[in-house]
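Following: one structure in C-alpha cells, then a few remarks.
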Amino acid sequence: MAKVTWKDVICCWPKLLTGRACCFWNVVCCPFVLCIWACSIYCCGCVRVYLNRGLYKFCCCLCRAFNCCWMYKDKDFPPEDSSLGDVKGDSAAGDRNEGQKFAGKVHWRRCIQFPLTEDDKGKKRKVQLFGDDVDSRDICQGGLGDCWLLAAIACLAEHEGAIEAVFRRQRR
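Per numbering that gives the first Met the number 0, residue 0 is the first one in the sequence shown, and the count goes up by one each step.
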C-alpha cells in the first residue's frame, strides 16, 4: 500500500474536480464538484447549442435578405447525368423515337425554378414537397429506371407520416 504524506492530503486540489483527490476532500467537496460538473455539462452544452442555432439562423437570414452567398451543391451527387449512373431497365434508357420514356438528357432544376401553381381561388402557391397529405397513388414511375425507389416510397406512403418523417427535420 502506498504511503500517504501530508503533502498529498493538503495539495490535492488540482485532482479534486476529477475525483482523484484524497478521499476526505472528495467526500467533503462532492456536492460542490457535482454542481460544477452539472453546470459544465448541461448548462454550457445548452448555451453552446443555442448559440450555434442562433448563429445559423442569423447567417441564413443574411443570405436570404441579400439573396447572395451560395447555393448548396452536393459534392457526392452533383447535378450531372453521371450522378444517375448508367440508366437501364424498365425501358428507361431507350430512345424517344422508339417510344421509350427517357430521351437521354436530364434537366436539373432547383425548387425555385419550378413555376408557381394556382389554388382554387386563383392565388399563386409556392412549390412544396408535401401537400395536405401523401398517398401511395401520388407516386408515378419516372423515366430513370427508378422503380425500386418508387416502390419503396409507395410502401412508406401507406403509413401516415412516414414519408414526412424521412424529409422533415425540426432542427436546421
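Virtual Cβ for every residue (Gly too), placed ideally from N, Cα, C.
Note that this is a predicted model, so its numbers are computed, not measured.
Problem set entry | Range covered by the alpha helix (DSSP H) that runs through Tyr-41 | Counting from one through the sequence shown, the residue named residue 41 turns up at place 42. Counting along the chain, Tyr-41 falls outside any alpha helix (DSSP H), and DSSP gives it neither H nor E.
For this session: Within 10 angstroms of the Cβ of Ala-20, are there 16 or more other Cβ atoms? Answer buried if so, exposed if not.
Result: Here residue 20 refers to the residue found at position 21 of the sequence shown. With 16 or more other Cβ atoms within 10 Å, it is buried.
Exercise. Tell me the DSSP bridge mates of Thr-116?
Worked result: Counting from 1 along the sequence shown, the entry for residue 116 is found at position 117. Looking at the DSSP assignment, Thr-116 forms a beta bridge with Arg-124.
Problem set entry | Distance between Phe-57 and Tyr-49 (C-alpha atoms, nearest Å) | Residue 49 sits at position 50 when you count from the first residue of the sequence shown. Residue 57 sits at position 58 when you count from the first residue of the sequence shown. Approximately 12 Å, taken between the alpha carbons.
For this session: Quick one: residues in its chain with C-beta nearer than 6 Å to the C-beta of Pro-76, no 5 flanking neighbours on either side, listed in chain order?
Result: For this step, residue 76 is matched to residue 77 along the sequence shown. For the record, residue 76 in the displayed sequence is Phe; it is not Pro. Answer for Phe-76: Ser-82, listed in chain order.
For this session: Could you round the C-beta distance between Asp-178 and Val-105 to whole angstroms and report it? I think they count as a contact, below 8 Å.
Result: The displayed coordinates of the chain run from 0 to 171. Any statement about residue 178 would go beyond what the structure contains.
Exercise. Using DSSP with H/G/I as helix, E/B as strand and the rest coil, what is Tyr-49?
Worked result: Your numbering for residue 49 matches position 50 in the sequence shown. Tyr-49: helix per DSSP, three-state reduction.
For this session: Note down, in chain order, each residue of its chain lying with its Cβ closer than 7 Å to the Cβ of Ala-161, except the 5 sequence neighbours on either side.
Result: In the sequence shown, residue 161 corresponds to position 162, counting from 1. Contacts found: Leu-155.
For this session: Could you have a look at Leu-16 and say whether DSSP puts it in helix, strand or coil?
Result: In the sequence shown, counting from the first residue as 1, residue 16 sits at position 17. Three-state DSSP puts Leu-16 in coil, outside helix and strand.
For this session: Answer with buried or exposed for Pro-13, where buried requires no fewer than 16 other C-beta atoms within 10 angstroms of its C-beta.
Result: Position 14 of the sequence shown holds residue 13. Exposed.
Exercise. Would you say Val-32 and Leu-54 are within 8 Å of each other, going by their C-beta atoms?
Worked result: Mapped onto the sequence shown, residue 32 falls at position 33. Mapped onto the sequence shown, residue 54 falls at position 55. In this structure, Leu-54 does not lie closer than 8 Å to Val-32 by Cβ.
Exercise. With DSSP run on the structure shown, which of helix, strand or coil describes Val-105?
Worked result: If you number the sequence shown from 1, residue 105 lands on position 106. If DSSP states are grouped into helix, strand and coil, Val-105 belongs with coil.
For this session: Rounded to whole angstroms, what's the CA-CA distance from Lys-125 to Cys-60? Just pull it up for me.
Result: Reading the sequence shown from its first residue, position 126 is the one you call residue 125. Reading the sequence shown from its first residue, position 61 is the one you call residue 60. Answer to the nearest angstrom: the Cα atoms are 19 Å apart.
Problem set entry | As assigned by DSSP and simplified to three states, the class of Phe-76 | Taking the sequence shown and counting its residues from 1, one reaches residue 76 at position 77. DSSP places Phe-76 in coil when its eight states are reduced to three.
Exercise. Among the residues of its own chain, which have a CB less than 7 Å from the CB of Cys-28, if the five just before and after it don't count?
Worked result: By 1-based counting over the sequence shown, the position of residue 28 is 29. Excluding residues within five positions, the ones whose Cβ falls inside 7 Å are Leu-15.
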